[in-house]
Amino acid sequence: MKTTNENWSLQNSYIELPSSFYKKIKPIKVKNPKLVYFNEKLSKQLNLEFLNNDVSKITGYLSGNILPNNSNPIAQAYAGHQFGNFTMLGDGRAILLGEQKALDNRFFDIQLKGSGQTPFSRAGDGRATLSSMLREYLMSESMYFLNIPTTRSLAVINTGESVFRETINNGGILSRVSSSHIRVGTFEYAKHFCSQKDFKDFIDYVIKRYYPDISGSDSPCTDLLKTVMRKQIDLVISWIRVGFIHGVMNTDNMIITGETIDYGPCAFMNKYNPKTVFSSIDRHGRYAFGNQHKIAYWNLSVFAGTLLPFIHKDQNKAIDLAQNILDEFSAYFSNNWYSMMFSKIGITNPEKSDEQFINDLLELMELHRADYTNTFLSLTLNKSNKDLLFQSSDFKNWLKKWKERVKNDKNSLIIMKKNNPIYIPRNHLVESALNNAINGNKEEFDKILHQMANTYEYGVNLDRFQTTPDGFDETYKTFCGT
Ligand code: AMP
Ligand code: MG
1260 MKTTNENWSL QNSYIELPSS FYKKIKPIKV KNPKLVYFNE KLSKQLNLEF
1310 LNNDVSKITG YLSGNILPNN SNPIAQAYAG HQFGNFTMLG DGRAILLGEQ
1360 KALDNRFFDI QLKGSGQTPF SRAGDGRATL SSMLREYLMS ESMYFLNIPT
1410 TRSLAVINTG ESVFRETINN GGILSRVSSS HIRVGTFEYA KHFCSQKDFK
1460 DFIDYVIKRY YPDISGSDSP CTDLLKTVMR KQIDLVISWI RVGFIHGVMN
1510 TDNMIITGET IDYGPCAFMN KYNPKTVFSS IDRHGRYAFG NQHKIAYWNL
1560 SVFAGTLLPF IHKDQNKAID LAQNILDEFS AYFSNNWYSM MFSKIGITNP
1610 EKSDEQFIND LLELMELHRA DYTNTFLSLT LNKSNKDLLF QSSDFKNWLK
1660 KWKERVKNDK NSLIIMKKNN PIYIPRNHLV ESALNNAING NKEEFDKILH
1710 QMANTYEYGV NLDRFQTTPD GFDETYKTFC GT
């Protein structure tokens, strides 16, 4: 395989870990790669500007056909609870090229997803469909524009090879960029399959690399639990702010640095209903919109369980210490959830009694099946919209009281504009854009990206409410791992 260094500044600190944490493996070459999307701005931030305007280089490197010669590619080992059941997993179709030093001197994992089989592939083909990789590109970049912590997407390549799912599809490779690919499931893997010493080395590595502030602490593992817990709560609250449903919050899809990862079956909610689920396999609504914080708690309990031997020698004491931290979940979530919701309705100096504004509004929105994004957009614009909510007398009363409440608050509007997006990637638009993009027409895809890049730009297209065709969401289904 041809290798060249050019301007890559890759390291791979992960391979300094005990070898049980990864397998060295190279991407499997593809026949006829073609570049479909490239994120120039991100490549600049990553100090990969030399790639810009050189399609053959981008295509070579980001299809895995050419390796930077300072790359030490690996597939990471991990396990996880999927829908509550423990399973051994690992990167079955992804390869970590290494950690690229960005312009701000931070290191970012660059991973090729869909790059061929690895020792963790089980019965899978190691590949991904072009459509699902484009979907990840669109959704992750939309989340970035919504100001939500997320893995990023550097490029999508059409492999020129067929991928068989229920039908024949074009293959795709996504280059995923993330500060980390260490999952709660990586800790579960260490607990079940590694020696105590190797697990300890891994924890030290995680703390040193991601949370150096706690490395000198007397109780680093409880501090780690607390920090990861808060990051996950903050993340879930930011999802709720924009109506995002992750769709598959398995413990392998939760990274300990608190970014959104794994864009398989995710979707945005249109009509407000906490029970909303789009994932085809989530039959009982385990990962429904309104359950996401409960599942985060569940996942964090699993995380805590893996840390017990390192929290205290006496396991009863360790359980007490971990439980004390987990017990803070509820108050931390509730306080920060209300703060976020207050920002959506522009209350910047909340008092306890203001919680009723949120509770009442959500109840009315659910009752009248109001569009989540458009309701808050309407409040921000001080305009009504077509939803029945705006004709309801209860809502009109609410509106009157709310206007009275915020009328002297100078920062109200500023904070609402920052927290209420104008656009979200609407399900019907995403599907149509993807169908066109895989057939070579990227116009709609570009349009969504452009709208999302301007999703907080009040003042432009002020009265552009997005609408969802009647009945679309009722039958809409999303899929994992395609
Ligand atoms: P995901 O649904 O992307 O979280 O994947 C769950 C697990 O299945 C991970 O271990 C993936 O690497 C693996 N996996 C998913 N699709 C494939 C595939 N086509 N080939 C090999 N492994 C896969
Ligand atoms: Mg996953």
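Number 1465 in this note's numbering belongs to position 206 of the sequence shown; there are no gaps in the numbering.
Glycine included, each C-beta is placed from N, C-alpha and C at the ideal position.
Ranked by Cα distance from residue 1672, the first of 1365, 1636 and 1652 is 1636. Remark: three or more beta-carbon pairs, one from each stretch, lie closer than 8 angstroms, so the region 1384 to 1401 and the region 1286 to 1304 are flagged as touching.
Scanning the region 1639 to 1666 for uninterrupted beta strand (DSSP E) segments of 3 residues or longer gives nothing; none is fully contained. Annotation for residue 1555: 1491 and 1495 place their beta carbon closer than 6 angstroms to its own, counting only its chain and skipping 5 residues before and after. Scanning its chain for C-beta atoms nearer than 8 angstroms, with the 5 sequence neighbours on each side dropped, one finds around residue 1418 the residues 1289, 1290, 1291, 1292, 1322, 1373, 1386, 1389, 1429, 1430, 1431 and 1432, in chain order. In the three-state DSSP reduction, residue 1358 falls in the strand class (E or B).
Separation of residue 1274 and residue 1415 (C-alpha to C-alpha, rounded to the nearest whole angstrom) is 26 angstroms. If you compare the alpha carbons of 1437, 1615 and 1459 with that of residue 1521, the shortest gap goes to 1437.
A distance of 8 angstroms or more separates the beta carbons of residue 1279 and residue 1480.
Short of 7 angstroms from the beta carbon of residue 1740, and not among the five residues preceding or following it, lie these beta carbons of its own chain, in chain order: 1523. Under the DSSP definition of a beta bridge, residue 1629 lacks any partner.
Here residue 1530 carries a strand assignment [DSSP, helix/strand/coil]. The ligand MG has a heavy atom closer than 7 angstroms to the beta-carbon of residue 1512.
Pairing residue 1347 with residue 1378, the inter-Cα distance amounts to about 12 angstroms. Among the bridge pairs identified by DSSP, residue 1340 is matched with 1345.
Look at the beta carbons and you see the region 1665 to 1684 touching the region 1707 to 1722: at least three pairs across the two are nearer than 8 angstroms. Scanning its chain for C-beta atoms nearer than 6 angstroms, with the 5 sequence neighbours on each side dropped, one finds around residue 1599 the residues 1496 and 1500, in chain order.
Take the alpha-carbon of residue 1508 and the one of residue 1487: they are about 15 angstroms apart.
Residue 1711 places its beta carbon less than 8 angstroms from that of residue 1400.
When only Cα atoms are considered, residue 1656 and residue 1602 end up about 20 angstroms apart.
Counting other Cβ atoms within 10 Å of its Cβ, residue 1654 reaches 16 or more and is therefore classed as buried. Taking non-hydrogen atoms of the ligand AMP into account, the C-beta of residue 1380 is found less than 7 angstroms away from one of them. Closest option to residue 1582, judged by alpha-carbon separation, among 1597, 1595, 1564 and 1590: 1564.
Look at residue 1739: its beta carbon is less than 7 angstroms from one of the heavy atoms in the ligand AMP.
Using a cutoff of 7 angstroms, the CB of residue 1368 does not count as near the ligand MG, since none of the ligand's heavy atoms is closer than that. Residue 1737 counts as buried, since no fewer than 16 other beta carbons sit within 10 angstroms of its beta carbon. Taking non-hydrogen atoms of the ligand AMP into account, the C-beta of residue 1435 is found less than 7 angstroms away from none of them. Runs of beta strand (DSSP E) with 3 or more residues, each lying fully within the region 1415 to 1497, are found at 1427 to 1437, listed in chain order. In terms of side-chain proximity, the C-beta atom of residue 1348 is found nearer than 7 angstroms to a non-hydrogen atom of the ligand AMP. Boundaries for residue 1288: no alpha helix (DSSP H) harbours it, and the DSSP string shows neither H nor E there. Take residue 1303, set aside five residues on each side of it, and the residues of its chain with a beta-carbon closer than 8 angstroms to its own are 1311 and 1362, in chain order. A contact between stretches requires three or more CB pairs, one per stretch, nearer than 8 angstroms, and the region 1656 to 1665 meets this requirement with the region 1602 to 1612.
When DSSP states are grouped into helix, strand and coil, residue 1669 belongs to the coil group.
DSSP places residue 1384 outside both helix and strand once states are collapsed to three, so it counts as coil.
Pairing residue 1473 with residue 1489, the inter-Cα distance amounts to about 14 angstroms. For residue 1372, the pairing in a beta bridge is given by DSSP as 1353 and 1433.
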